[in-house]
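**Student:** Here it is, the structure in full.
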Amino acid sequence: MPSSRIRTLANPVTFTLDGERLQAERGEPLAAALVAAGKTTIARSPKFHRPRGPACMRGACDGCLARVDDAPNVMTCLVPAEDGVAVVTQNRLGPRDADLLRMTDWFFPEGMNHHELFAGVPGIQTIMQGFARRVAGLGKLPLEPAAPRPASRRRADVVVVGAGPAGMAVAARLARADRAVEVLDDQLTPGGGITALAAEDAAAFEPISAAFASGVASGAIRVRSRTTAGAVYGRDLLVAGEEGAEIVEARALVLACGAHDGALAFEGNDVPNVMSARAAGWLLSRGVLVGERIVVVVPDGGGPFGESFARAARVASARAEVTVLHGEPLAVRGSGRAKGVRVRTATKERAVDADAVLVDAARSPAFELCQQAGAALVHAPRGFVVRTDDGRIADGVWATGEVCGLPFDPHALDAHAALVATQIAT
Ligand code: FES
């Protein structure tokens with residue numbers, strides 16, 4: 090079990106995975122507790138039943154999907170651990186680690202289109218289609234229908250989407266200008282990428298974090314975690330949270346949506362224990378180390394999370410052996426979990442054994458809401474970037490932070506936040 094906890098649980102709770110009792114820190118994401126317990130194969134791909142594990146820890150991959158308290162397809166990285174929660178893996182036949190339906194992958198190594206399989210062969214076609222229908226899809230419906238949740242419409246002064254450093258910086262500045270600021274974030278706690286950095290790297294963001302905390306303490310900033318900004322329709326923002334759905338019309342809407350982990354195409358990039366360096370750093374800051382022999386791959390344009398993770402892991406655990414390679418990941422060895430990785434560096438190709446492979450690729454701006462609001466986009470190698478100088482992207486709507494192509498740097502983020510806040514406040 091190479092992944093482990095490096096801190097004693099302060100407030101332990103007990104939950105179950107397929108009936109097995111496991112411990113978690115109260116309130117930490119269930120996926121973090123599963124990784125800490127070495128349960129890294131949680132989900133299965135829908136068709137070939139390839140094993141999947143948590144890769145992003147921020148609700149952006151499908152590696153942590155499970156049935157939680159009878160609700161199917163729950164992202165366990167976004168659900169806080171509580172006593173008695175029942176997590177059940179889904180989309181498998183037989184044991185979790187040895188899903189018998191994985192045979193599909195071995196029988197069809199070149200891929201398979203089940204619509205064409207035995208098409209036109211009387212009898213067999215019908216059997217195959219019936220089988221495909223039974224094994225397709227993810228999860229089963231809940232035993233009881235969910236009660237409808239309320240929906241409402243309201244107005245707000247300033248709404249900031251995203252509680253990473255860019256959102257925190259603009260919220261803090263607007264709070265100081267006596268605006269009533271709501272910050273929406275789909276994670277369990279605010280902080281974004283700051284919380285994935287080693288302590289000495291996170292310290293550079295301290296002025297932003299402190300100003301934000303002071304705005305929250307004074308009541309000028311209201312933070313709503315586990316709340317998703319789903320869509321923008323003109324000046325209307327669709328918001329979905331624990332309490333239900335809302336349409337919020339804000340006098341000023343600031344989209345600080347950050348960036349997605351960079352996803353690179355290489356063999357084995359979906360194997361459990363291959364994850365983003367940001368996710369591993371985030372786990373480490375919560376006391377979970379993802380392996381003992383860890384390789385961090387930093388391709389061109391990547392950073393800062395890989396190097397930061399390596400620094401933090403070496404301090405946190407004398408057992409952790411962390412190798413940082415600057416180059417391109419070519420292939421991961423292992424199918425149930427990562428056993429090694431081949432990397433092309435500037436000078437040569439290297440094959441290194443590993444029980445966890447972290448990739449710190451250039452992040453891709455999370456431009457989607459900005460585009461809905463009317464932002465112009467430019468295409469860069471890492472993805473679509475919102476094109477704006479002063480942050481304004483539509484009447485009453487601004488964008489700031491990595492989504493606009495700014496570096497993950499406290500000074501650059503705060504300077505742009507100041508530009509946006511000044512326009513809104515005046
Ligand atoms: S969606 Fe949960 S780990 Fe990626």
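Each number in the numbering used here comes from the position in the sequence shown (counting from 1) with 89 added on.
The beta carbon of each residue, even a glycine, is placed where N, CA and C say it ideally should be.
Check whether the Cβ of P143 lies closer than 8 Å to any heavy atom of ligand 1, and answer yes or no.
**Tutor:** Yes, since a heavy atom of ligand 1 falls inside the 8 Å radius drawn around the Cβ of P143.
**Student:** Whole angstroms are fine: how far does the CA of A235 sit from the CA of A264?
**Tutor:** Taking the straight line joining both Cα atoms gives about 38 Å.
**Student:** Excluding the five sequence neighbours on either side, which residues of its own chain have a C-beta within less than 6 Å of the C-beta of G425, listed in chain order?
**Tutor:** Excluding positions up to five away in sequence, the list reads P140.
**Student:** Out of T105, P470 and G380, state which residue places its alpha-carbon closest to the alpha-carbon of A407.
**Tutor:** Answer by Cα proximity: G380.
**Student:** Starting from S397, trace the beta strand (DSSP E) in both directions and tell me its first and last residue.
**Tutor:** It is not in any beta strand (DSSP E) - S397 instead sits in the alpha helix (DSSP H) that spans F394 to A405.
**Student:** What residue range does the alpha helix (DSSP H) around G485 cover?
**Tutor:** Run containing G485: none; DSSP gives neither H nor E here.
**Student:** State the Cα-Cα distance for the pair A126 and A354, rounded to the nearest angstrom.
**Tutor:** Their backbone Cα atoms lie some 29 Å apart in a straight line.
**Student:** Please tell me whether, using a cut-off of 8 Å, the distance from the CB of L414 to the nearest non-hydrogen atom of ligand 1 is below it.
**Tutor:** Answer for L414: no, Cβ out of range of ligand 1.
**Student:** Taking DSSP as the reference, what is the three-state secondary structure of E338?
**Tutor:** Residue state, collapsed to three classes: strand.
**Student:** From K128 to P198, what does the alpha carbon distance come to, in whole angstroms?
**Tutor:** About 26 Å.
**Student:** Below 8 Å CB to CB, which residues in the same chain sit around E356 once its five sequence neighbours on both sides are set aside?
**Tutor:** L419, A420 and V421, listed in sequence order.
**Student:** Can you round the beta-carbon distance between V321 and V384 to whole angstroms, since I take them to be within the 8 Å contact cut?
**Tutor:** Not confirmed; about 40 Å, so no contact.
**Student:** Is the CB-CB distance between G351 and P393 below 9 Å?
**Tutor:** Cβ atoms of G351 and P393: not closer than 9 Å.
**Student:** According to DSSP, is E381 helix, strand or coil?
**Tutor:** Here E381 sits in coil by DSSP.
**Student:** DSSP three-state label for A291, please.
**Tutor:** Correct three-state label for A291: helix.
**Student:** Need the endpoints of the beta strand (DSSP E) that V441 sits in, please.
**Tutor:** Looking at the DSSP string, the run of the beta strand (DSSP E) that includes V441 is E438 to D442.
**Student:** Could you tell me which uninterrupted alpha helix (DSSP H) segments, each at least 4 residues in length, are contained entirely in the stretch 227 to 303, listed from first to last along the chain?
**Tutor:** Fully enclosed alpha helix (DSSP H) runs of 4 or longer: 254 to 265 and 288 to 291.
**Student:** Mind reading off the beta-carbon distance from A318 to V250? Whole number of angstroms is fine, and I expect it under 8 Å.
**Tutor:** Contact flag correct, Cβ pair sits at about 4 Å.
**Student:** Should D274 be counted as a contact of ligand 1 given a C-beta to heavy atom distance under 8 Å?
**Tutor:** No - ligand 1 has no heavy atom lying nearer than 8 Å to the Cβ of D274.
**Student:** Beta carbon of A66, beta carbon of L378: below 9 Å?
**Tutor:** With the chain running from 90 to 515 in the structure shown, residue 66 is simply not present.
**Student:** Using the beta-carbon count (16 or more within 10 Å), is F220 buried or exposed?
**Tutor:** By the 10 Å Cβ count, F220 comes out exposed.
**Student:** The alpha helix (DSSP H) that contains A506, what's its start and end?
**Tutor:** Looking at the DSSP string, the run of the alpha helix (DSSP H) that includes A506 is P499 to A514.
**Student:** When you compare the stretch 284 to 296 with the stretch 365 to 377, are there three or more beta-carbon pairs, one atom per stretch, that lie closer than 8 Å?
**Tutor:** Yes, they touch.
**Student:** Just verifying my parser: in three-state terms, what is the DSSP assignment at S134?
**Tutor:** Reduced to three states, the DSSP call for S134 is coil.
**Student:** Starting from L466, trace the beta strand (DSSP E) both ways and give me its first and last residue.
**Tutor:** It spans L466 to A469 - the beta strand (DSSP E) in which L466 sits, taken as one unbroken run.
**Student:** Using CA atoms only, rank isn't needed, just tell me which of P454, P118, V475 and G416 is closest to K437.
**Tutor:** Cα-wise, what sits closest to K437 is G416.
**Student:** Is the stretch 327 to 345 in contact with the stretch 477 to 492, if contact means three or more CB pairs nearer than 8 Å?
**Tutor:** They touch, by the three-pair rule.
**Student:** Comparing alpha-carbon positions, which option in A300, R244, R313 and H505 lies nearest E271?
**Tutor:** If we check each option's Cα against that of E271, R313 comes out closest.
**Student:** Which of helix, strand or coil does DSSP assign to E457?
**Tutor:** Correct three-state label for E457: helix.
**Student:** How big is the Cα-Cα spacing for L190 and H138?
**Tutor:** Approximately 6 Å, taken between the alpha carbons.
**Student:** To the nearest angstrom, how far is the alpha carbon of V509 from that of G480?
**Tutor:** V509 and G480: Cα-Cα distance of roughly 6 Å.
**Student:** Can you confirm whether V168, when its beta carbon is compared against all beta carbons of chain B, has any partner nearer than 9 Å?
**Tutor:** No chain B is present in this structure, which holds just one protein chain.
**Student:** Do you know whose CA, among G391, G108, R311 and S134, lies nearest R452's CA?
**Tutor:** The candidate whose alpha carbon is nearest that of R452 is G391.
**Student:** Evaluate T515 with the Cβ neighbour count: other Cβ atoms within 10 Å of its Cβ, from every protein chain shown; 16 or more gives buried, anything less gives exposed.
**Tutor:** Flag for T515 reads exposed.
**Student:** Return the CA-CA distance between R471 and T434, expressed in angstroms with no decimal places.
**Tutor:** Roughly 20 Å between the two C-alpha positions.
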